[in-house]
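In my numbering, the protein residues as written are 35 to 285.
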């Protein structure tokens with residue numbers, strides 16, 4: 035009987051301690067502080083005047099009057115975070131993992147319109163990133179890989195017409211890039227290699243006629259450049275060497 039009583043008492047004690055631990059943890063996690071109550075040291079977030087990494091909720095305005103809302107776990111931001119403009123409109127929202135941006139992040143202007151949408155992986159831009167004009171139309175669309183631009187990038191005018199389009203490779207412009215006028219007509223075509231203009235360049239009049247044609251070599255004008263009027267007639271030739279004009283011919 036004594037053995038049974040002793041066993042039962044130990045079981046009750048363990049149960050009691052478990053309940054106390056759970057309640058204590060719950061109280062700690064239920065704590066909510068304002069952004070200005072926290073400080074970051076060596077990448078870890080602490081409550082001011084403490085040496086223990088903070089765990090709990092953050093909710094309130096910062097020194098700039100912007101409202102923050104999110105969770106910190108062991109000194110690092112985790113899960114969904116939101117930030118608001120001074121007027122109460124959502125500024126941005128996204129998910130943190132180990133204090134690094136992860137997944138799709140969206141930002142908004144003070145009127146509540148979507149201004150950007152970006153995909154992150156391990157704190158770096160990775161995937162498609164989109165920016166928007168104030169009227170809601172797409173402003174740009176860029177692909178990132180490990181934080182650097184990689185692949186096709188497009189820029190658009192407020193009226194929806196394409197403005198500029200080309201390709202990035204290892205964070206540098208590569209291949210043919212095309213630009214367009216306000217009506218969506220081709221305005222200029224350039225070739226890049228390793229981030230520098232290298233190859234044929236062509237420019238066009240608004241009526242579609244060729245305006246200029248020449249060549250770049252390693253970022254510098256080289257050889258004959260031709261200029262045409264809007265009726266398609268050649269009226270001038272300029273010859274370049276190492277980006278310097280060495281000869282002019284008019285017709």
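Every residue gets a Cβ at the ideal spot worked out from N, C-alpha and C, and that includes glycine. Treat the numbers as computed from the prediction; the structure is a model and nothing was measured.
Is the beta carbon of residue 189 sitting closer than 7 Å to the one on residue 178? no
What residue range is occupied by the uninterrupted beta strand (DSSP E) comprising residue 222? 220–227
When we look at the beta-carbon of residue 104 and count the other beta-carbons within 10 Å, is it buried (16 or more) or exposed? buried
Please determine, among 235, 203, 143 and 204, the residue with the shortest C-alpha to C-alpha distance to residue 213. 235
Compare the C-alpha of residue 187 against each of 170, 165 and 75 and name the closest. 165
How many Å lie between residue 194 and residue 66 at the Cα? 45 Å
Among the residues of its own chain, which have a CB less than 6 Å from the CB of residue 209, if the five just before and after it don't count? 201
Residue 71 in three-state terms, based on DSSP: helix
Thinking C-beta only, is residue 111 closer than 7 Å to residue 91? no
Residue 131 to residue 116 span [Cα, whole Å]: 14 Å
Closer than 7 Å by C-beta to residue 172: which residues in its own chain qualify, once you throw out the five before and the five after it? Chain order, please. 164, 166 and 190
Can you tell me whether residue 285 is buried or exposed? The criterion is at least 16 other CB atoms within 10 Å of its CB, across all chains shown. exposed
In whole angstroms, what is the alpha-carbon distance linking residue 279 and residue 273? 6 Å
If residue 100 sits next to residue 119, beta carbons under 8 Å apart, how far is it from one beta carbon to the other, in whole angstroms? 7 Å
Mapping the DSSP letters down to three states, classify residue 192 as helix, strand or coil. coil
Would DSSP call residue 14 helix, strand or coil? In the structure as shown, the chain begins at 35 and stops at 285. Residue 14 is therefore absent and cannot be evaluated.
CA-CA distance, residue 192 and residue 265? 30 Å
Thinking C-beta only, is residue 275 closer than 7 Å to residue 258? no
Please work out which residues of its chain come closer than 7 Å, Cβ to Cβ, to residue 108, disregarding the five sequence neighbours upstream and downstream, and give them in chain order. 87 and 89
Environment of residue 149 [buried if 16+ CB atoms lie within 10 Å]: buried
Enclosing beta strand (DSSP E) for residue 125 [first to last residue]: 124–131
For residue 77, name the three-state secondary structure that DSSP assigns. coil
Residue 159: buried (16+ other C-beta within 10 angstroms of its C-beta) or exposed? buried
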